[in-house]
Amino acid sequence: MVNSMIKALKEEVFETDITLEFTQFTREGDDLHVKCAVFSDLEGELLQGWSITCVDYEEYHFEYKESYDLEEFEVRDDHIYLWDYTKPFTELYFKGETKQVKELIAALYLTHAELTERLLPFEKYINFKNGHIRILEELLASKSGLFAYAPEVLNDAYQVVLNEYGFRTTSLAMGSQSTGQVQLLRLGESYIVAKEFIATRAY
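Throughout the sequence shown, residue numbering follows the numbering used here, covering 10 to 212 in sequence.
The following block contains the structure:
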């Protein structure tokens with residue numbers, strides 16, 4: 010388990026502070042294999058190497074050649090990046106119009122940014138899927154339709170903003186998109202979503 014790896018690194022007595030870096034990844038079936046290097050923060054010397062198997066991975070994002078402190082390395086089961094797998098989803102429909110389009114979009118963006126801690130792009134769940142709708146102004150100009158298919162916590166917040174600007178809204182529960190219990194492994198801005206993480210020391 011990666012928590013055992015973290016515990017071992019915290020208990021190890023190093024001569025300098027350390028940094029960690031994901032240096033390589035390979036896919037093998039439903040698993041992702043990640044190499045994690047532990048460097049001396051002072052001279053950049055390679056101190057340890059670890060191999061992490063991400064069992065039944067769902068998604069990942071890597072920032073290459075970026076090193077982070079041990080405090081930036083964690084396993085979570087309640088992170089924003091897990092919302093797609095752990096939160097119930099709803100469809101939010103709107104009807105109406107407003108002359109304060111720019112103010113409405115700004116309010117929606119700020120609401121989204123606050124709730125997601127700026128980790129998820131604003132356009133991620135907005136209804137641009139039908140092709141001819143390219144920007145939010147066009148969607149709002151249509152005066153009715155599906156606004157967003159999103160985690161309930163986000164759509165509830167969007168709904169409050171839309172109501173404040175005079176739109177009528179309807180929310181339909183769509184259930185969870187969960188494919189089973191998942192966790193998040195994060196190192197700085199890099200992350201992996203998977204069912205389980207198994208770490209073994211290689212060096």
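Every residue gets a Cβ at the ideal spot worked out from N, C-alpha and C, and that includes glycine.
Start and end of the beta strand (DSSP E) containing residue i?
i       : result
Thr-35  : 27-37
Met-183 : 177-185
His-88  : Element bounds for His-88: n/a, residue is neither H nor E.
Gln-192 : 192-196
Glu-68  : 68-70
At which residues does the alpha helix (DSSP H) containing residue i begin and terminate?
i       : result
Val-110 : 110-125
Glu-9   : It is not possible to answer for residue 9, since the shown part of the chain is limited to 10 through 212.
Leu-149 : 145-150
List the residues that DSSP assigns as beta-bridge partners of residue i.
i      : result
Leu-41 : Arg-36, Cys-63
Thr-99 : Ala-159, Ala-182
Phe-48 : Thr-28, Leu-55
Tyr-77 : Leu-29
Measure the C-alpha to C-alpha separation of residue i and residue j and round it to an integer number of angstroms.
i       : j       : result
Ile-207 : Leu-155 : 41 Å
Lys-152 : Lys-111 : 15 Å
Ser-180 : Ser-76  : 43 Å
His-88  : Leu-113 : 28 Å
Met-14  : Thr-209 : 8 Å
Arg-36  : Tyr-200 : 15 Å
Ala-46  : Glu-54  : 10 Å
Tyr-102 : Tyr-90  : 24 Å
Asp-39  : Lys-96  : 23 Å
Glu-72  : Val-43  : 13 Å
Lys-16  : Met-10  : 10 Å
Quick check on residue i: does DSSP put it in helix, strand or coil?
i       : result
Glu-205 : strand
Tyr-167 : helix
Glu-83  : strand
Tyr-200 : strand
Indicate whether the contact test is met: 3 or more Cβ pairs, each with one atom in the stretch 74-92 and one in the stretch 185-194, closer than 8 Å. yes
Under 8 Å: do the stretch 163-171 and the stretch 105-125 share three or more Cβ pairs, one atom per stretch? yes
Take every Cβ of the stretch 44-58, pair it with every Cβ of the stretch 15-29, and state whether three or more of those distances are shorter than 8 Å. yes
Counting Cβ pairs closer than 8 Å, one from the stretch 96-112 and one from the stretch 58-71, do we hit at least three? no
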